[in-house]
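Residue numbers (this note's numbering): 313 to 545.
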């Protein structure tokens, strides 16, 4: 019997997280969640989306640490001696359970965010614009007047990259939902609203990082270095 390598154990751990996560998400009643969120007012939608965004960032940080612990356990299990095998095996199992739990919680938070954005896009009461304006100005206010080191800005750029990926996934979710359930002409309205979401996100990020760079004396070339580091990962 050949013991699996650390890379194989890490891949197995990620596969288990993926399979269990997909299985449980398939059981979620999206229509029920949608109608619960849709029944909220514009102000409540803004509050709900911001609360979910805060928990999303907390889960990003926590889940990253959990996955690092899982990979470390996989490496220890692959390289452990016979005497330490039981210890590393149980540690790997516990880290796997924790990774599955954190992934499921994070997945449901992202699902709720996507449904909230979908509710704002299909609403006809300017809920989308109200949420974008309030959310983006709050983001500018909370960031531009703080002192940042170059490493802090580096982390902020990574978070913004993840946020844009999430928005892309949310928009695809809304598109799929409209294809399956929408009645009457909807595509032009969807495209215009999706473009508004992307345009606001890009504009706010440009303004935010411009002022952060100005107030903290960070040269523009630093952002090229961030991009190079991101491409290498």
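Note that CB positions come from ideal geometry on N, CA and C, so glycine has one too.
Assuming residue i contacts residue j under a Cβ cut-off of 8 Å, what Cβ separation, rounded to an integer in Å, is found between them?
i	j	result
residue 390	residue 318	4 Å
residue 422	residue 368	7 Å
residue 452	residue 349	Actually they do not touch by this definition, with Cβ atoms about 26 Å apart.
residue 414	residue 375	5 Å
residue 520	residue 455	5 Å
residue 517	residue 472	5 Å
residue 489	residue 430	6 Å
residue 469	residue 523	Rounded, the Cβ-Cβ distance is 14 Å, inconsistent with contact.
Between the options, which has its C-alpha nearest residue i's C-alpha?
i	options	result
residue 424	396, 385, 486 and 449	486
residue 408	360, 345, 474 and 323	323
residue 337	428, 540 and 418	418
residue 433	467, 379, 484 and 470	484
residue 327	345, 382 and 365	382
residue 334	420, 371 and 316	420
residue 404	414, 387 and 430	387
residue 393	351, 315 and 431	315
residue 482	365, 370 and 379	365
residue 474	530, 371 and 359	371
residue 480	359, 500, 508 and 534	508
residue 493	325, 346, 332 and 321	346
residue 373	384, 449, 406 and 467	467
residue 416	339, 530 and 495	339
residue 448	329, 351, 528 and 361	361
residue 476	506, 544 and 330	506
Secondary structure at residue i, three-state DSSP: helix, strand or coil?
i	result
residue 530	coil
residue 493	helix
residue 351	coil
residue 457	coil
residue 472	helix
residue 340	coil
residue 395	coil
residue 498	coil
residue 425	helix
residue 372	helix
residue 522	helix
residue 467	helix
residue 414	helix
residue 317	coil
Compare the C-beta of residue i with all C-beta atoms of chain D and state if any pair is closer than 8 Å.
i	result
residue 400	No chain D appears in the structure shown, which is made up of a single protein chain.
Three-pair Cβ contact test at 8 Å for the segment 455-471 versus the segment 385-401: no
The segment 441-448 in contact with the segment 509-518 per 3-pair CB rule at 8 Å: yes
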